[in-house]
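>
Residue numbers (full-length UniProt numbering): 1 to 774.
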């Protein structure tokens, strides 16, 4: 049976690597064929070969996962409905999240209207800027404008399209002209919404602590700031400040341990039923209650199911190893939701439960403080490869911080906050007093965490390539084995793979990466010894912006530790919005720009040198020449776009021109001031993202590029690049690339006179949930 389960799990796991989904009919036929083979063996009463059993499980897992993935992909918004304004009515699902500066973001289940644009059961993620505050389970009628889920595609960053896919989101868009059809009834989500409103409003002076207590109570992270979340990530306790696999397991263990202690005090009860069995089941039921309060979202359901399977199988009559119970649990989770194979939360939860059990912390079993410390040691080191693979971050202090934070939160914050919630049903004054105590306790812990997070060695941002990551997994696995295991002393040997040298640029070579930041601009130029970033994308509402969400993960992936130059072309949000996050995270030696807004609130003592970019400024790094062509000192035009810094980079006999948001007037003036040879370039980024106010015919003829790039967001509201600009580029016989259809674009100028082949990240890192956007 274990062979069948493991092979079926592997069949589902293969879904992660499909570039294009196979036909469901073929998968079903393969599965039916293997079932027939098994049936033939059974009718003849012959022993079933293990190989046949494993292939049958593999075909079953493959068919089930492909069926689920195909169904989700087919439910996406039809192409004909993209950009159309339609009227629909339906229900708000879950808790709406506040969006800054105004409005909310919520999940909507359409129920009537525009039937050609949706299938029953689909969910849309919508944004709303109306004055009315939305509540869970209300029925509304909206005018909506939708598009298919489309995220930015860059190495090292968050895969939005995968998240939408596994979350069942078939479209995203904007809602307007809302009309409430039916109010919300009495529901669990309504209760959670009221807890959020009351708790955050009652403690405005301590928003971080109140937001964390809210997350601990209900799993709702709407009150947590990006700064608080980053602080918890740097100290390695993100698993503790939101209801997760580790958190639910800790609740189950705590309740089970207390009940076991009480049960064993009574000899009659201990003889009637084994204490381990009773306490294990009750611990799981307590975790279920905690999960219900958290809204029973999909990750919580997976964790409870996994933990329930472990408890049930481990305490059935007869013997079953912990490893077997975990295999059963994982198989059950993937049977219910095959797309969970994509979830980082699944692997973190599963690994955390496995490591805690390996440390002797199974629900219902008596655990000493030494065993608890050992379990924490195992979890910290065992989760290290997963943390590096998923987040490219290593929290060195996580073991020490968790030793302090786990008992603090488990015994001081959560019980008091829960008591406050229950007390509110009897006395609001008593409930408020208990919540005040819980928030004060959390604020004290938060102050300690700020001190830890500020230490230079608190966390290391480190991207580990695939082969080195597997070597790290092997090394840690050997290290965590019993001491008597032969070969354990060689656990350090696989770590040598981490020292394997990465290919480096040589003098004269240039690597240019045009990041996909949506409707904005960010260009990274690398030479043999220097790093330059031109613009930083936009700041977005509650998600923190392109700097935090896209550029910094990319920088970790590219192993960039510092910037030699940061250029702010001009002071528009879509060019400077991510700058503050970049400067907080990376040392910057030189800033170019006309006093960009990210520097306005920067401490004077920490401010890097700032210099305005002007025509004629030129420098050379490692045989690569950088030169500003604009603005000219005598022609500082009034419009901000017309004052954009225009940078030209020359390497290996080729040149790249980045005009930022320069428009027609600035283009014509620049052409009148410089010889034609000085503006020619082989690669041109379209000015102002391809707006009709830029890239005039004379400019395009003067630059005469081989290839042209438009950095635009998918179906952006400005309709960039403008059709007239596209037509002008294509009529000149030039190749046009778009970041919304290609993802990040990378050029490597390695050899003199040899034009590089562009690397399109959407095609380079292709997956079935990430269709090509032509």
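Ideal placement from N, C-alpha and C gives every residue a C-beta, glycine not left out. Remember, predicted model here, so these are calculated numbers, not experimental data.
Just to confirm the assignment, what range does the beta strand (DSSP E) spanning residue 626 have?
In the chain shown, the residue the question calls residue 626 occupies position 626. From DSSP, the beta strand (DSSP E) with residue 626 extends over 624-630.
> Hey, how far is the Cα of residue 572 from the Cα of residue 642?
By 1-based counting over the chain shown, the position of residue 572 is 572. By 1-based counting over the chain shown, the position of residue 642 is 642. Computed Cα separation, rounded: 12 Å.
> My guess is that residue 294 and residue 439 are in contact by the Cβ rule of under 8 Å, so how many angstroms apart are they, rounded?
Position 294 of the chain shown, counting from 1, holds the residue named residue 294. Position 439 of the chain shown, counting from 1, holds the residue named residue 439. Contact flag wrong, Cβ pair sits at about 19 Å.
> Between residue 5 and residue 328, how many whole angstroms is the CB-CB distance? I'm expecting something under 8 Å.
Reading the chain shown from its first residue, position 5 is the one you call residue 5. Reading the chain shown from its first residue, position 328 is the one you call residue 328. With a Cβ gap of about 7 Å, residue 5 and residue 328 count as contacting.
> Have a look at residue 615 and residue 670 and give me their C-alpha separation to the nearest angstrom.
Here the question's residue 615 lines up with position 615 in the chain shown. Here the question's residue 670 lines up with position 670 in the chain shown. Distance between the alpha carbons of residue 615 and residue 670: 9 Å.
> Is it the case that the stretch 135-151 contacts the stretch 188-199, given that we only count it when at least three CB pairs across the two stretches are under 8 Å?
Segments in contact, yes.
> Given residue 624, which residues of its chain have a CB within under 6 Å of its CB, disregarding the five upstream and five downstream residues?
Taking the first residue of the chain shown as 1, we reach residue 624 at position 624. 510, 527 and 651.
> Pairing CB atoms from the stretch 45-56 with CB atoms from the stretch 375-389, are three or more of them under 8 Å?
Not touching, per the Cβ criterion.
> Could you tell me if residue 194 is buried or exposed, where buried requires 16 or more neighbouring beta carbons within 10 angstroms of its beta carbon?
Locating residue 194 in the chain shown gives position 194, where the first residue counts as 1. Residue 194 should be labelled exposed.
> In the DSSP assignment, the alpha helix (DSSP H) including residue 708 goes from what residue to what residue?
For the purposes of this step, residue 708 is identified with residue 708 of the chain shown, where counting begins at 1. Taken as a continuous stretch (DSSP letters only), residue 708 belongs to no alpha helix (DSSP H), being part of the beta strand (DSSP E) at 707-710.
> Going by the DSSP bridge assignment, what does residue 172 pair with across the sheet?
Numbered from 1 along the chain shown, position 172 holds the residue referred to as residue 172. Paired residues: 125 and 147.
> Nearest-angstrom Cα distance between residue 764 and residue 742?
In the chain shown, the residue the question calls residue 764 occupies position 764. In the chain shown, the residue the question calls residue 742 occupies position 742. For residue 764 and residue 742, the distance between alpha carbons rounds to 9 Å.
> Just verifying my parser: in three-state terms, what is the DSSP assignment at residue 364?
Mapped onto the chain shown, residue 364 falls at position 364. Here the model assigns residue 364 a pLDDT of 47, short of 50, so the residue's position is not dependable, and the following value carries that caveat. In this structure, residue 364 counts as coil in the three-state DSSP scheme.
> Out of 693, 701 and 703, which has the shortest C-alpha to C-alpha gap to residue 720?
Here residue 720 refers to the residue found at position 720 when the chain shown is read from its first residue. For residue 720, the nearest C-alpha among the options comes from 693.
> Terminal residues of the continuous alpha helix (DSSP H) containing residue 742?
For this step, residue 742 is matched to residue 742 along the chain shown. Here the alpha helix (DSSP H) through residue 742 covers 739-742.
> Please state whether DSSP places residue 684 in a helix, a strand or coil.
Along the chain shown, read from residue 1 onward, the residue named residue 684 stands at position 684. The answer is strand: DSSP assigns residue 684 an E or B state.
> What are the start and end residues of the alpha helix (DSSP H) that includes residue 30?
Position 30 of the chain shown, counted from the start, is the residue given in the question as residue 30. That run of the alpha helix (DSSP H) goes 24-43.
> With a threshold of 8 Å, are at least 3 pairs of Cβ atoms found where one atom belongs to the stretch 150-157 and the other to the stretch 89-108?
With the cut-off at 8 Å, the stretch 150-157 and the stretch 89-108 do not touch.
> Does the separation of the CB atoms of residue 394 and residue 376 fall below 8 Å?
Reading the chain shown from its first residue, position 394 is the one you call residue 394. Reading the chain shown from its first residue, position 376 is the one you call residue 376. Cβ atoms of residue 394 and residue 376: not closer than 8 Å.
> Please state the DSSP three-state secondary structure of residue 186.
The count along the chain shown starts at 1 and reaches residue 186 at position 186. Here residue 186 sits in coil by DSSP.
> Suppose you measure from the CA of residue 703 to the CA of residue 710; what does that come to, to the nearest Å?
Residue 703 sits at position 703 when you count from the first residue of the chain shown. Residue 710 sits at position 710 when you count from the first residue of the chain shown. Roughly 15 Å separates the two Cα atoms.
> Residue 492: which of 303, 476 and 507 sits nearest, CA to CA?
Here residue 492 refers to the residue found at position 492 of the chain shown. Residue 492 has its Cα closest to that of 476, out of 303, 476 and 507.
> If you draw a straight line from the C-alpha of residue 816 to the C-alpha of residue 532, how long is it?
Missing from the structure shown is residue 816; the chain here goes from 1 to 774 and no further.
> Using DSSP with H/G/I as helix, E/B as strand and the rest coil, what is residue 727?
As a position in the chain shown, residue 727 is number 727, starting the count at 1. Residue state, collapsed to three classes: helix.
> If you drop the 5 nearest sequence neighbours on each side, which residues of the same chain put their C-beta closer than 6 Å to that of residue 290?
The residue you call residue 290 lines up with position 290 of the chain shown. So the list reads 251, once near-sequence residues are dropped.
> Determine whether the beta carbon atoms of residue 332 and residue 396 lie at a separation below 8 Å.
Along the chain shown, read from residue 1 onward, the residue named residue 332 stands at position 332. Along the chain shown, read from residue 1 onward, the residue named residue 396 stands at position 396. No, the Cβ-Cβ distance between residue 332 and residue 396 is not below 8 Å.
> If you run the structure through DSSP and keep just helix, strand and coil, what is residue 158?
As a first step, residue 158 is located in the chain shown; it is residue number 158 there, counting from the start. Coil at residue 158, not helix or strand.
> Which residues does DSSP list as the beta-bridge partners of residue 106?
In the chain shown, residue 106 corresponds to position 106, counting from 1. Answer is 126.
> So is residue 598 buried or exposed if we call it buried at 16+ other beta carbons inside 10 Å?
One-based indexing of the chain shown puts residue 598 at position 598. With 16 or more other Cβ atoms within 10 Å, it is buried.
> State yes or no: is the C-beta of residue 581 within less than 8 Å of the C-beta of residue 548?
In the chain shown, residue 581 corresponds to position 581, counting from 1. In the chain shown, residue 548 corresponds to position 548, counting from 1. Taking 8 Å as the Cβ cut-off, residue 581 and residue 548 qualify as a contacting pair.
> Among 646, 619 and 635, which has the Cα closest to the Cα of residue 629?
Looking up residue 629 in the chain shown gives position 629. Comparing Cα-Cα distances from residue 629 to each of 646, 619 and 635, the minimum goes to 646.
> Report all residues from its chain with a CB closer than 8 Å to the CB of residue 233; omit the five preceding and five following residues, and keep chain order.
Numbered from 1 along the chain shown, position 233 holds the residue referred to as residue 233. Around residue 233: 391, 393, 395 and 459.
> Given residue 18, which residues of its chain have a CB within under 6 Å of its CB, disregarding the five upstream and five downstream residues?
Locating residue 18 in the chain shown gives position 18, where the first residue counts as 1. So the qualifying residues of the chain are 768.
> Determine the contact status of residue 463 and residue 156, defining contact as a CB-CB distance below 8 Å.
On the chain shown, position 463 is the one that residue 463 refers to. On the chain shown, position 156 is the one that residue 156 refers to. Contact flag set, yes.
> Buried or exposed: where does residue 3 fall if 16 or more other Cβ atoms within 10 Å of its Cβ makes it buried?
As a position in the chain shown, residue 3 is number 3, starting the count at 1. The residue is exposed, with fewer than 16 neighbouring Cβ atoms inside 10 Å.
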